[in-house]
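Chemist: First the structure, then my questions, so here it is.
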Amino acid sequence: MRLSRYFLPVLKENPADAQIVSHRLMLRAGMIKQQAAGIYSWLPMGFKVLRKLENIVHEEQVRAGHIPMLMPTLQSADLWRESGRYDDYGEEMLRISDRHGRDMLYGPTNEEMITDIFRSHVSSYKDLPLTLYHIQWKFRDEIRPRFGVMRGREFLMKDGYNFDLTVEDALHAYNRHLVSYLRSYERMGLQAIPMRADGGPIGGDYTHEFLVLAETGESEVFYDSAVTDLTFGDREIDYDDVAQCQSILEEFTSKYARTDETHDEALFNQIPEERRRVARGIEVGQIFYFGTKYSEAMGATVQGPDGKPVPVQMGSHGIGVSRLVGALIEANHDDKGIIWPEGVTPFHVGIVNLKQGDDEADAACDALYKSFTALGLDPLYDDRNERAGGKFATMDLIGLPWRITVGPRGLKNGVVELTCRRSGVSEELPPEQAVAKVAAIYAAL
Ligand code: P5A
3 MRLSRYFLPV LKENPADAQI VSHRLMLRAG MIKQQAAGIY SWLPMGFKVL
53 RKLENIVHEE QVRAGHIPML MPTLQSADLW RESGRYDDYG EEMLRISDRH
103 GRDMLYGPTN EEMITDIFRS HVSSYKDLPL TLYHIQWKFR DEIRPRFGVM
153 RGREFLMKDG YNFDLTVEDA LHAYNRHLVS YLRSYERMGL QAIPMRADGG
203 PIGGDYTHEF LVLAETGESE VFYDSAVTDL TFGDREIDYD DVAQCQSILE
253 EFTSKYARTD ETHDEALFNQ IPEERRRVAR GIEVGQIFYF GTKYSEAMGA
303 TVQGPDGKPV PVQMGSHGIG VSRLVGALIE ANHDDKGIIW PEGVTPFHVG
353 IVNLKQGDDE ADAACDALYK SFTALGLDPL YDDRNERAGG KFATMDLIGL
403 PWRITVGPRG LKNGVVELTC RRSGVSEELP PEQAVAKVAA IYAAL
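Numbering (the working numbering), first residue to last: 3 to 447.
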């Protein structure tokens, strides 16, 4: 993409109403525009990052054997009356009535709708196990929407629902979700720690939240510092292997890590003092096992092996996809702007032309641009007629991990400058070597 033809409405000034760094930087970098409290348009560069996160989530869910689909945002109140949550959900639910006076709502989550789909089409235990998921907009009329996309009213969630015959199978589905979530967050360049939490309005008392440690997080967390040493890495995983998934769950959840809802001071005090941590975290996902809560209320039964009907065992599993964009920035920025991890960056590399209109510099930039696109990479070429300082400030603000600077002086010596956004380290290289180096970094992801 050439910047002169793109839509990147960067702001020079700090927006006054943005209290935390991710909100400030998303507005300044032209990623989002607020349309109403807690409701945002995703401008092209923000949309690109959102799509990258969605892709990672999709790939990891499909790898785990879960099946993508799409449910609507608007739901009929009748389904929620069956589960009893229409009254329970309270003011967080946006209620709407259509022209016929029928009660509708903008879905805050989809347990009822998926249970309805299941009961309409599945009647035998032979069709289990089944896990369906979608990535869809949700609405929760939060009393205090704030921090930009971190606590929105409209937000994008991946929500998955498992249906199993036995408790053991449902717990395996729970474990599969935990493992696939660990992989997803790591691919995004984030450490998200599973912590014992509370079921809240979704239900069930077996649930883990995934938290990214950050001072601006809304949850207070208590943990053994040893949990921060755990990484999933590139280990092979067989999602049908019950023992392997169970052992990964144990590895990642046996050390003390809890949110304030379930914190137990006595247990916490058993951790050696130098490893006790009290901090704040951003909740980027939550998984639940709630058994037959919805299937019993809504009559979702299957015929078991003995011919008798049994209510199906269920759980639900969510990732806050739009919130993750904010969480990623909270965890990856400096005083100049965003620093995207390579796995989620909106463009792979920035090209800065120091002397637009100079034949040699223009030709070298065009050649770099062509080389990257031929390799399947997505460069952002700042071809505007601007001063170098302004171009560098924009690149630093939008945070592409790699920048190539091209100017007549370097070209005389046959080199361009390759700069790493995170370390700030630059090196001079012939253009083809700079391309090869950047390409190798992305090929290794
Ligand atoms: C699990 C999937 C559920 O709703 N039902 C379907 C279950 N869980 S949850 O924890 O309530 O939400 C899942 C994730 O969505 C994100 N999230 C939000 N993101 C932005 N703004 C909000 N107001 C908001 N509320 C929830 C969180 O990341 C949460 O973990």
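From the three backbone atoms N, C-alpha and C, an ideal C-beta is built for every residue, glycine too.
The structure displayed is predicted, hence computed values, not measured ones.
Nearest CA to the CA of residue 102: which residue from 355, 236 and 78?
Modeler: Residue 78 is the option with its Cα nearest to residue 102.
Chemist: Within 10 angstroms of the Cβ of residue 64, are there 16 or more other Cβ atoms? Answer buried if so, exposed if not.
Modeler: Under this definition residue 64 is an exposed residue.
Chemist: Is the separation between the beta-carbon of residue 363 and that of residue 433 shorter than 8 Å?
Modeler: For residue 363 and residue 433, no; Cβs fall outside 8 Å.
Chemist: Leaving out the 5 sequence neighbours to the left and right, which residues in its chain are closer than 8 Å to residue 381 when beta-carbon positions are compared?
Modeler: Answer for residue 381: 3, 349, 350, 351, 352, 353, 370, 371, 374 and 375, listed in chain order.
Chemist: Using CA coordinates, which residue listed in 85, 143 and 139 is at the minimum distance from residue 2?
Modeler: Residue 2 lies beyond the residue range present for the chain, which begins at 3 and ends at 447; the question has no answer from this structure.
Chemist: Classify residue 197 as helix, strand or coil using the three-state DSSP reduction.
Modeler: Residue 197: strand per DSSP, three-state reduction.
Chemist: Following a CB-centred definition, is residue 112 positioned closer than 7 Å to any heavy atom of the ligand P5A?
Modeler: Because some heavy atom of the ligand P5A lies under 7 Å away, the Cβ of residue 112 counts as near it: yes.
Chemist: Output the boundary residues of the alpha helix (DSSP H) element that contains residue 58.
Modeler: Note, residue 58: alpha helix (DSSP H), 46 to 65.
Chemist: Got a sec? Which residues, its chain only, sit under 7 Å from residue 136 by beta carbon, not counting five neighbours each side?
Modeler: Excluding residues within five positions, the ones whose Cβ falls inside 7 Å are 70, 71, 72, 73 and 161.
Chemist: At which residues does the alpha helix (DSSP H) containing residue 129 begin and terminate?
Modeler: Counting along the chain, residue 129 falls outside any alpha helix (DSSP H), and DSSP gives it neither H nor E.
Chemist: Note down, in chain order, each residue of its chain lying with its Cβ closer than 6 Å to the Cβ of residue 186, except the 5 sequence neighbours on either side.
Modeler: Hits under 6 Å: 58, 59 and 62.
Chemist: Which residue's Cα is closest to the Cα of residue 275: 224, 323 and 13?
Modeler: The option with the nearest alpha carbon to residue 275 is 224.
Chemist: Quick check on the DSSP output: the alpha helix (DSSP H) that includes residue 177 runs from which residue to which?
Modeler: Note, residue 177: alpha helix (DSSP H), 169 to 189.
Chemist: Below 7 Å, is the gap between the Cβ of residue 429 and the nearest heavy atom of the ligand P5A?
Modeler: No, the ligand P5A has no heavy atom inside 7 Å of this Cβ.
Chemist: Is the beta carbon of residue 324 within less than 7 Å of some heavy atom of the ligand P5A?
Modeler: Yes, the beta carbon of residue 324 sits closer than 7 Å to at least one heavy atom of the ligand P5A.
Chemist: If we count the other Cβ atoms within 10 Å of its Cβ and call it buried at 16 or more, is residue 393 buried or exposed?
Modeler: Buried, because 16 or more other Cβ atoms sit within 10 Å of the Cβ of residue 393.
Chemist: Any heavy atom of the ligand P5A inside 7 Å of the beta-carbon of residue 161?
Modeler: Yes - the ligand P5A has a heavy atom lying nearer than 7 Å to the Cβ of residue 161.
Chemist: In chain order, which alpha helix (DSSP H) runs of at least 4 residues are fully inside the region 312 to 340?
Modeler: The region 312 to 340 contains these whole alpha helix (DSSP H) runs: 323 to 333.
Chemist: Could you tell me whether any non-hydrogen atom of the ligand P5A is closer than 7 Å to the CB of residue 179?
Modeler: Every heavy atom of the ligand P5A is 7 Å or more from the Cβ of residue 179, so no.
Chemist: Determine which residues share a DSSP beta bridge with residue 290 and list them.
Modeler: The partner list for residue 290 (beta bridge, DSSP) reads 209 and 318.
Chemist: Using three-state DSSP, classify residue 398 as helix, strand or coil.
Modeler: Three-state result, residue 398: helix.
Chemist: Around the Cβ of residue 52, are there at least 16 other Cβ atoms within 10 angstroms (buried) or fewer (exposed)?
Modeler: Residue 52 should be labelled buried.
Chemist: When the Cα atoms are used, what is the spatial distance from residue 342 to residue 269?
Modeler: Taking the straight line joining both Cα atoms gives about 37 Å.
Chemist: Starting from residue 443, follow the alpha helix (DSSP H) in both directions and report where the run begins and ends.
Modeler: Element bounds for residue 443: 433 to 445.
Chemist: Could you check which residue in 88, 317, 96 and 331 has the C-alpha nearest to that of residue 149?
Modeler: The shortest C-alpha separation from residue 149 is found at 331.
Chemist: Which residues does DSSP pair with residue 285 in a beta bridge?
Modeler: Beta-bridge pairing links residue 285 to 213.
Chemist: Do the CB positions of residue 299 and residue 215 come within less than 8 Å of each other?
Modeler: No. Outside cutoff.
Chemist: At which residue ranges does the region 231 to 289 contain complete alpha helix (DSSP H) runs of 4 or more residues, listed in the order of the chain?
Modeler: DSSP runs (the alpha helix (DSSP H)) wholly in the region 231 to 289: 244 to 255 and 267 to 270.
Chemist: Please state whether the Cβ-Cβ distance between residue 183 and residue 116 is less than 8 Å.
Modeler: The answer is no: Cβ separation not under 8 Å.
Chemist: Beta carbon of residue 319: closer than 7 Å to some heavy atom of the ligand P5A?
Modeler: Flag set: Cβ of residue 319 near the ligand P5A.
Chemist: Straight-line CA distance for residue 266 to residue 14?
Modeler: When rounded, the distance between both Cα atoms is 47 Å.
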